[in-house]
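Asks:
There are 2 protein chains.
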Amino acid sequence: MKKHALLSFAAFGAALVGTPAYADHAKGLAWDITEGLTTEIGPRQGGTEAEARARVWAERKLKALGFSNVRTETYTMPTWVRGEERGDIIAPFPHKLAITALGNSAATPAEGLTGEVAYFNGWQAFKDARDEDVRGKIVFVNHAMKRAQDGSSYGYFGPVRRSGPSLAARKGALAFVMRSLGTDMHRNPHQGNQSWEAGVTPIPAAAVSLVDAEHMALVAKRAVTLKQPIRMKLLLTPRNLGPQISGNVIAEVPGSDPKAGMVVIGGHLDSWDLGTGAFDDAAGVAITTAAAHNILKSGKKPRRTIRVVWWGAEEVGLWGAKAYWEAHKSEPHALVSESDFGADRVWRIDVKLPEAAKPLGERLAAALAPLGIAASREVASGGADISPAVAAGVPVIDLQQDGTRYFDLHHTPDDTLDKVDPVQLQQNVDAWTIMLDLVANAPEPLLNEAGK
Amino acid sequence: MKKHALLSFAAFGAALVGTPAYADHAKGLAWDITEGLTTEIGPRQGGTEAEARARVWAERKLKALGFSNVRTETYTMPTWVRGEERGDIIAPFPHKLAITALGNSAATPAEGLTGEVAYFNGWQAFKDARDEDVRGKIVFVNHAMKRAQDGSSYGYFGPVRRSGPSLAARKGALAFVMRSLGTDMHRNPHQGNQSWEAGVTPIPAAAVSLVDAEHMALVAKRAVTLKQPIRMKLLLTPRNLGPQISGNVIAEVPGSDPKAGMVVIGGHLDSWDLGTGAFDDAAGVAITTAAAHNILKSGKKPRRTIRVVWWGAEEVGLWGAKAYWEAHKSEPHALVSESDFGADRVWRIDVKLPEAAKPLGERLAAALAPLGIAASREVASGGADISPAVAAGVPVIDLQQDGTRYFDLHHTPDDTLDKVDPVQLQQNVDAWTIMLDLVANAPEPLLNEAGK
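Chains as they are written, first to last, in the working numbering: chain A, 1 to 452; chain B, 1001 to 1452.
1) Which residues, in order along the stretch 1175–1189 of chain B, keep a beta-carbon less than 7 Å from a beta-carbon of chain A?
2) On the premise that Gly-275/A lies in contact with Asp-414/A, defined as a C-beta separation below 8 Å, what is that separation, rounded to the nearest angstrom?
3) Where does Thr-379/A land, buried or exposed, given buried means 16+ other C-beta within 10 angstroms?
4) Considering only the alpha carbon of each residue, which of Val-308/A, Leu-210/A, Ser-152/A lies closest to Val-177/A?
5) Does Glu-35/A have its Cβ less than 8 Å from a Cβ in chain B?
6) Answer with buried or exposed for Glu-1051/B, where buried requires no fewer than 16 other C-beta atoms within 10 angstroms of its C-beta.
7) Quick check on this structure: which residue in Asp-32/A, Asp-88/A, Ser-246/A, Thr-48/A has the alpha carbon closest to the alpha carbon of Lys-61/A?
8) So, helix, strand or coil for Ile-287/A, using DSSP?
9) Taking just the CA atoms, how far does Ala-1442/B sit from Ala-1058/B?
10) Measuring straight from C-alpha to C-alpha, what distance separates Val-1346/B and Pro-422/A?
11) The stretch 1117–1145 of chain B: which residues have C-beta closer than 8 Å to a C-beta of chain A, in chain order?
12) So, under 8 Å CB-CB, Val-253/A and Ser-68/A are touching, yes? Tell me the CB distance rounded to an integer number of Å.
13) Any C-beta of chain B sitting closer than 8 Å to the C-beta of Ala-98/A?
14) What's the C-alpha gap between His-1025/B and Glu-116/A?
15) In the DSSP assignment, find the alpha helix (DSSP H) that holds Ile-1161/B and state where it starts and stops.
16) Alpha carbon to alpha carbon, how far is Ala-206/A from Glu-338/A?
17) Does Glu-252/A come out as helix, strand or coil in the three-state DSSP assignment?
18) Return the residues of the stretch 1192–1225 of chain B that lie within a Cβ-Cβ distance of less than 9 Å from chain A, sorted by chain order.
19) Listing by chain order, which chain A residues have their CB less than 9 Å from the CB of Asp-1418/B?
20) Taking its Cβ as the centre, do 16 or more other Cβ atoms sit within 10 Å of Glu-1314/B, making it buried, or is it exposed?
21) So is Pro-1443/B in contact with chain A if we call contact Cβ pairs under 8 Å?
22) Could you check how far apart the C-beta atoms of Phe-157/A and Val-141/A are, in whole angstroms? I think they sit under 8 Å.
23) Would you mind telling me which residues of chain B sit closer than 9 Å to Asp-385/A, beta carbon to beta carbon, in chain order?
24) So is Val-439/A buried or exposed if we call it buried at 16+ other beta carbons inside 10 Å?
25) Is DSSP giving Ala-30/A helix, strand or coil here?
26) Rounded C-beta distance between Glu-132/A and Ser-166/A? I'm assuming under 8 Å.
27) Would you say the beta carbon of Ala-1052/B is closer than 7 Å to some non-hydrogen atom of the ligand ZN?
28) I want to see whether chain A comes within less than 8 Å of Trp-1432/B, judged by CB atoms only; does it?
29) Using C-beta distances below 6 Å, list every residue in its chain close to Arg-363/A, excluding the 5 sequence neighbours before and after it, in chain order.
30) Between which residues of its own chain and Gly-1122/B is the CB-CB distance below 8 Å, once the five residues before and five after are set aside?
31) For Ile-401/A, I'd like the list of residues in its chain whose CB is within less than 8 Å of its CB, leaving aside the five on either flank, ordered along the chain.
32) To the nearest angstrom, report how far apart Gln-191/A and Gly-1372/B are at their CA atoms.
33) Can you pull the chain A neighbours of Thr-1237/B, defined as C-beta to C-beta under 9 Å?
34) What do you reckon, are the CB atoms on Gln-194/A and Leu-296/A nearer than 8 Å?
35) Between His-1025/B and chain A, is any beta-carbon pair separated by less than 8 Å?
36) Using only alpha-carbon positions, find the residue among Ser-246/A, Ala-389/A, Asp-418/A, Lys-352/A that is nearest to Pro-78/A.
In structure tokens form, the structure reads like this:
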């Protein structure tokens, strides 16, 4: 009776808001978590007080759902936060840019910074530029990232953001501005992290919306014809807060056979600060938690313990991932899997399993096929938060989500609840439930040399 | 030879930017005008210096194209301009709103204004509200406008914006905030005009993005359950500049029969200030000008003079429309037609013609059908800039554009060139060219009691 009350959706709603009157869970637990995190917390950047509120929210929710060993494990991390941000083309044609500072950007002077633009049509053109063509100027790098179901174009075009600011600083640029890594055509810039290479003095670094980058290309063409420079003004006032507290929230479904190792799943609790982090990654913690909850409420104890981790501070440097692995690497990890690619349907499964567990891979393929999921020949490589475990050789499964529209929303003000399709979200939960059931109960050995 | 040089696309590009090297007019004149206005001028709000730059650009372009009697006719008008704008839900869950001041909004105090929110789920609920439920509060009005091919939902839901601020002020509200009139789900608010009713003291009035309105609905539901008020902070610093100069730019293709009256077409030159006004209404002036230019460059003088008007200050109160009609109402207007509903394809033709010109209507229907355009039984009513002429009884034709996505973009930062589909834009030019050719050369009498 007690268990039933705890697990019923109505009781869950009541635990959250004080009365069951408003509880409306027709869309299921994954929707409820996604709606709750995005509505009641919203943006929750790693290291900020918003992420701390999100941890309190997460612990309360996981306890109310009946998970075991619910706790928060904290760590400290350097924290950079946004300030004001404005950008304008001031010549030859005035134009206000939709712009955002990239992670760890330096600030401009308080009154802003004005300079001539050195425009580059792509990463290679910028890499090839002579220092004298860049020195003292505001670098602008355009590119041609396009949408892809598997998200591969993000990796290919990613160096513009990850290495562009440092390269611009090395070449003596005043500031670095790029076309956002994205595939939409809306007036929203895409946030993203970058780290300064050793020895580089930080400069202001920012991204403009894809729309503004298209505009800039037309302005650049005219500037050549007119033989007039493009001039830009930037005002960015981010600052470093120094070391701040962040944390991972952990919950478990205990298994019956400790020697079989744990199955560790989850997503990341933190988000970037412009949107409410629905696709990235409220949906990921929601999907994995709802699937684990399905195992829990089935009443049949799985062979392996399922550990659900809501990682902290992923966006700003994988601080939660590193802290988790440092604390837990000596425990037996049978398999890791993360959901961190939005809320659209799972279309493919990739696995990396020990040879002896090949039959498990075949059972997974057969069980997921009715959901429209194809087994691939790709070797699973895992999400960012499980990368330390994967690097250590822990087996991994990727339930690949359809990323066709992921980079329309990724790291933008548009990453909000309304983008989540409840039907596709539920397909994710169904796929994860099937996968968890098979993996947690598989008779095959999964612990390899990395586990114990 | 001179004429040919003037009219060739390469020469046209050269006139604009100094050298033909960059000229790339593969997409046609309508594209070229739309790209030029949005790139070289950008936002051009009525009464501002940007609109003045747009008039210079327009005159130069229309002269370079070989039109006759190219001139600007100025008038003065009161001018309101945007300042800073920020909005935040501060309780029970903090959330930053994408917000914009509505036309003629009052300013908040410089430090902002904080108040409890009175939330209404629709126009009727707000109209029915007792004054004591609104007094001293920030009114928030949600609604459920949906997309429609003919744009009719804008008219139906429009009173929220047009009458909402005045009604809120009458009921004693501190400020008025609404869900934008729009159909997208992006983090961009929709600008729009509103006028204060007589005797009303202006209050701050603003619109939030549709995404933020959906968010507000979820917050409102929780606020009821939690029995906690929603509190909001607003900072809006618009100001009135007093009377400023605006103007209409006019060009003609002279006809052979002055007694047959003129055909007056065009769109509006001004735009709102958040986007670059591609759909609203660079495309409209571009389509109508390109069609008139097709008649001009055919070398065959039409029976009726075609007058192309790029109206000023439409968005902020039809100042150009009123000034035009005041100056020209004594001239013989045989027919008026405006393009002001984006850049997507013409799908329907509505006419209002004298009984004697019924055969012209039949010829138009037959000639446009191959372009996928259906003749309707609706009586044409005309665009906003020709409303004084239509009210005076001048015959009118509406080439109705597909408005399915118009209110995704309308009055937002997203109204930019990239949204224009060159194929659909050209279909508009083709339809307008056919219509102009038939109307300008029609043997039927078109001057009714309104013309001379």
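Ideal Cβ positions, reconstructed from N, Cα and C, are used throughout, including at glycine.
Replies: Per the coordinate set shown:
1) Met-1185, His-1186, Arg-1187, Asn-1188
2) About 6 Å separates the CB atoms of Asp-414/A and Gly-275/A; that is less than 8 Å, so the two are in contact.
3) According to the sequence as given, residue 379/A is Val; it is not Thr. By the neighbour-count rule (16 or more Cβ atoms within 10 Å), Val-379/A is not buried but exposed.
4) Leu-210/A
5) yes
6) buried
7) Asp-32/A
8) In the structure shown, Ile-287/A sits in a helix (DSSP, three-state: H, G or I).
9) 29 Å
10) One Cα belongs to Val-1346/B, the other to Pro-422/A, and the distance between them is close to 35 Å.
11) Listed in sequence order: no entries.
12) 7 Å
13) yes
14) In this prediction, His-1025/B has a pLDDT of 47, which is less than 50 and means its spatial position is unreliable; what the coordinates show is noted afterwards. The alpha-carbon atoms of His-1025/B and Glu-116/A are separated by roughly 29 Å.
15) Note that residue 1161/B corresponds to Arg in the displayed sequence, not to Ile. Per DSSP, Arg-1161/B belongs to the alpha helix (DSSP H) from 1159–1170.
16) 29 Å
17) strand
18) Ser-1209, Leu-1210, Val-1211, Asp-1212, Glu-1214, His-1215, Leu-1218, Val-1219, Lys-1221, Arg-1222, Val-1224, Thr-1225
19) Met-185, Leu-210, Val-211, Glu-214, His-215
20) buried
21) Any Cβ of chain A closer than 8 Å to the Cβ of Pro-1443/B would place that residue at the interface, and such an atom is absent.
22) Actually they are not in contact, since the Cβ atoms of Phe-157/A and Val-141/A sit about 10 Å apart, beyond 8 Å.
23) Those within 9 Å of Asp-385/A in chain B number zero; the least Cβ separation is about 26 Å.
24) buried
25) helix
26) Contact flag wrong, Cβ pair sits at about 19 Å.
27) This structure does not include the ligand ZN; it has no bound ligands of any sort.
28) no
29) Leu-438
30) Correct list, in chain order: Val-1141, Asn-1142, His-1143, Ala-1144.
31) Looking at the sequence provided, one finds Gln at residue 401/A rather than Ile. Within the same chain, Gln-401/A has close Cβ partners Ser-339, Phe-341, Gly-342, Ala-343, Asp-344, Arg-345, Val-346, Trp-347, Asn-428.
32) 43 Å
33) What Thr-1237/B touches in chain A: nothing, since even the nearest Cβ is about 15 Å away.
34) no
35) At His-1025/B, the pLDDT of 47 sits below 50, so the modelled position is not reliable; the number obtained from the coordinates is stated separately. His-1025/B does not count as touching chain A.
36) Ser-246/A
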